[in-house]
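*Asks:*
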Amino acid sequence: MIKLRKKERMTESSDHQVYKSTVGDYVFCTINITIFLLFTLLCFFPFYYLFINTISDNNLVTSGKIMFIPLKMHLDNYRMVFYMNDFLLSVWITVSRTVLGTTLMVIVSAFAGYLFTKRKMWAHKFWYRFIIVPMYFNAGLIPWYLTMFNLGLTNNYLAYILPGMVVPFNIILVKTYIESLPPYVEESAIIDGAGTFTIFFRIIWPLSLPILATIAIFGAVSQWNSFQDSLILMQGNRSLFTLQHRLYDYLKKSTNLASQIREGVGGALNLDDRIIQYTIAMVSIIPIVLLYPFMQRYFIKGIMMGAVKG
């Protein structure tokens, strides 16, 4: 028996040959790692450069002496944003539309994607193709504005929420993901007498969390960075300006804004156009940068699972 076991181990070890890395493999890996490190630095450095210039001494920033290391650090530039007119109101509008719009979009995408997996749905193929049409055809800016105007969505907060509830690409991702789930899970629930809504909320929804987190990231980034709808639809109501729209106005008027902020803080802060632009850019970037690491694992899993079948 001992001899037989030794022979089995020898045959197993011969089947699994150990691959030895060559010099060419090490060179290839080194070149790959170097290229990707350089690419990462090129992507990261602009954000780092903006950040260190917003927390460094403003006199040094103005003279161009801040390149790689922050000097005489302070947070006064970030406190100055509270002296900007209606800034906090714009933050509230953007945060509320991001949370509410993303939540409703995820719910609609999840339920619509689930329904499109049902072959017994009335006119299943027609409605699925009807949903896909907007991905390829767009009427243009003027028809879009006229449609929103006729629906009473100009100078209306609902213009931020309603149009973004149905996103064809997200519905397709959810549908594909649900189709990849084991069918016996739903079949067993049907045998137990569960209805459509019970199956959806208690079985499909928990199992679909990775893809729902993925489309939530898409929706949150889109809502947070949205600019065109506020710029075109909200001209008659400045209280509904989003953060991006407000920052755009600040960037255009950075010279006047610098003098207003200096007066607001009693001239204690040395500001010029460039410092204001750097700080405003960082304010708009930081929330999404902080959100993404918490959602990354769901994002990778969801997008891979949702891309298995077409």
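Heads up, the sequence shown is in this note's numbering, so the first residue is 163 and it goes up one at a time. Glycine residues also receive a C-beta, built at the ideal position from the N, C-alpha and C atoms. What you are looking at is a predicted structure, and each value in this text was computed from that prediction instead of being measured.
To the nearest angstrom, how far is it from the Cα of asparagine 215 to the Cα of proline 232?
*Replies:* Between asparagine 215 and proline 232, the C-alpha separation is close to 7 Å.
*Asks:* Taking all protein chains shown into account, decide if lysine 182 is buried (16 or more other Cβ within 10 angstroms of its Cβ) or exposed.
*Replies:* Burial call: exposed.
*Asks:* Closest to methionine 229 by C-alpha separation, out of Asp238, Phe209 and Met246, would be which residue?
*Replies:* Cα-wise, what sits closest to methionine 229 is Phe209.
*Asks:* Taking 8 Å as the threshold (C-beta atoms), are serine 370 and isoleucine 340 in contact?
*Replies:* In this structure, serine 370 lies closer than 8 Å to isoleucine 340 by Cβ.
*Asks:* Is phenylalanine 331 near methionine 297, with beta carbons less than 8 Å apart?
*Replies:* Contact flag set, yes.
*Asks:* Around the C-beta of tryptophan 386, are 16 or more other C-beta atoms found within 10 angstroms, so that it is buried, or is it exposed?
*Replies:* When all chains shown are included, tryptophan 386 counts as buried.
*Asks:* Going by the CB atoms, is the gap between arginine 400 and tyrosine 322 shorter than 8 Å?
*Replies:* Contact: no.
*Asks:* Taking the Cβ atom as the reference point for each residue, do serine 225 and phenylalanine 403 lie within a distance shorter than 8 Å?
*Replies:* The answer is no: Cβ separation not under 8 Å.
*Asks:* Is the region 441-452 close to the region 372-387, with three or more CB pairs under 8 Å?
*Replies:* The region 441-452 is in contact with the region 372-387.
*Asks:* Starting from proline 344 and walking both ways along the alpha helix (DSSP H), at which residues does that stretch end?
*Replies:* It is not in any alpha helix (DSSP H) - proline 344 carries neither H nor E in the DSSP assignment.
*Asks:* Suppose contacts are defined by Cβ-Cβ distances below 8 Å. Is isoleucine 394 in contact with tyrosine 307 by that definition?
*Replies:* Against a cut-off of 8 Å, the Cβ pair of tyrosine 307 and isoleucine 394 comes out as a contact.
*Asks:* Is the CB-CB distance between alanine 351 and valine 268 below 8 Å?
*Replies:* Contact flag unset, no.
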